[in-house]
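Trainee: Note that our numbering has the sequence shown beginning at 27, numbered continuously upward.
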Amino acid sequence: MKKYITAYELVQAYKADYGTLPTYGIECTELQFYADANGYDMPPDDDVMSVCHQMRTWAQPAQGQPGLFGN
27 MKKYITAYEL VQAYKADYGT LPTYGIECTE LQFYADANGY DMPPDDDVMS VCHQMRTWAQ
87 PAQGQPGLFG N
């Protein structure tokens with residue numbers, strides 16, 4: 027029986043093991059292999075894609091308006 031894991035936890039575990047996010051464009055495939063190899067039940071693809079997108083967004087430097095005290 028496979029263990030349940032959320033999409034966020036799966037992506038975090040992958041990142042902890044490999045030091046990077048899954049390859050852009052084949053995230054679901056890479057994470058499916060990772061989940062199978064570690065005995066996890068794969069979360070829905072839409073959830074995995076949204077978590078990967080959000081984590082890539084967080085990794086980008088902030089752009090746009092300066093902060094409150096920025097010049």
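Backbone N, C-alpha and C fix where the C-beta goes; we use that ideal spot for every residue, glycine too. Just so it is clear, the structure is predicted and the values come from calculations on it, not from any experiment.
Under a Cβ-count criterion, where at least 16 other Cβ atoms within 10 Å of its own Cβ denotes burial, should E53 be classed as buried or exposed?
Mentor: By one-based count along the sequence shown, residue 53 stands at place 27. Classification of E53: buried, given that the 10 Å Cβ count is 16 or more.
Trainee: What span of residues does the alpha helix (DSSP H) with K41 cover, start to end?
Mentor: For the purposes of this step, residue 41 is taken as residue 15 along the sequence shown, with counting starting at 1. It spans 33–44 - the alpha helix (DSSP H) in which K41 sits, taken as one unbroken run.
Trainee: Suppose you measure from the CA of L57 to the CA of M27; what does that come to, to the nearest Å?
Mentor: Within the sequence shown, numbered from 1, the residue matching residue 57 stands at position 31. Within the sequence shown, numbered from 1, the residue matching residue 27 stands at position 1. Whole-angstrom Cα-Cα distance: 18 Å.
Trainee: When you compare only the Cα positions, how much space is there between G65 and A33?
Mentor: Reading the sequence shown from its first residue, position 39 is the one you call residue 65. Reading the sequence shown from its first residue, position 7 is the one you call residue 33. Near 14 Å, if we compare the C-alpha coordinates of A33 and G65.
Trainee: Would you mind giving the Cβ-Cβ distance between R82 and L47, rounded to the nearest angstrom? I have them listed as a contact below 8 Å.
Mentor: Along the sequence shown, read from residue 1 onward, the residue named residue 82 stands at position 56. Along the sequence shown, read from residue 1 onward, the residue named residue 47 stands at position 21. That belief holds up - the Cβ atoms of R82 and L47 are roughly 6 Å apart, short of 8 Å.
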